[in-house]
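Residue numbers (this note's numbering): 7 to 129. Glycine included, C-beta positions come from ideal geometry on N, C-alpha and C. Contents: one structure, followed by commentary.
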């Protein structure tokens, strides 16, 4: 089923807006990437203007920024995900997710479904 991001057909009161507005291609949204902990997999998708956007489907490493230095850590599991309580059980990573790594707990600061990279900072 298509994910329409257009305004609702009905007003708050229940009355319909002007009829005759059908779904347009530019109003459709994409599916969620639901990045999981596994070997790296990236998907390219076409976006507006013919450009491409890389979406991270799975990853097992995170780049940790600590001041002027950066380190790479291996992800062991997802500790907590404030976006959805079921994402923790499924090991799905989004922005704000707390993951357990070999260097300690890390908060994901990037949007893996949009940037195809996992950046984070130590908790």
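If we call anything under 9 Å between Cβ atoms a contact, is residue 42 one with residue 96?
-> yes
What residues are listed by DSSP as bridge partners for residue 116?
-> Looking at the DSSP assignment, residue 116 forms no beta bridge with any residue, so it has no partner.
Using the Cα positions of residue 8 and residue 34, report the straight-line distance between them to the nearest angstrom.
-> Those two C-alpha atoms are separated by around 7 Å.
Identify whether residue 99 lies in helix, strand or coil by the three-state DSSP scheme.
-> In the structure shown, residue 99 sits in a strand (DSSP, three-state: E or B).
Run the CB neighbour count on residue 37, radius 10 Å, all protein chains shown included, and call it buried at 16 or more, exposed below.
-> exposed
May I have the straight-line CA-CA distance separating residue 128 from residue 14, to the nearest angstrom?
-> 41 Å
Beta-carbon proximity check, residue 91 vs residue 103, cutoff 9 Å = no
When DSSP builds the beta bridges, which residues end up paired with residue 111?
-> Residue pairing by DSSP puts residue 111 in a beta bridge opposite 106.
Quick one: which unbroken beta strand (DSSP E) runs of 3-plus residues sit fully inside the stretch 12-44? Chain order, please.
-> 41-43
In the DSSP assignment, what residue or residues form a beta bridge with residue 64?
-> 42, 47
Under the DSSP definition of a beta bridge, which residues are partnered with residue 70?
-> 77, 126
Can you tell which of 10, 66, 40, 18 has its C-alpha closest to the C-alpha of residue 28?
-> 10
Residues bridged to residue 53 by DSSP?
-> Paired residues: none, contrary to the question.
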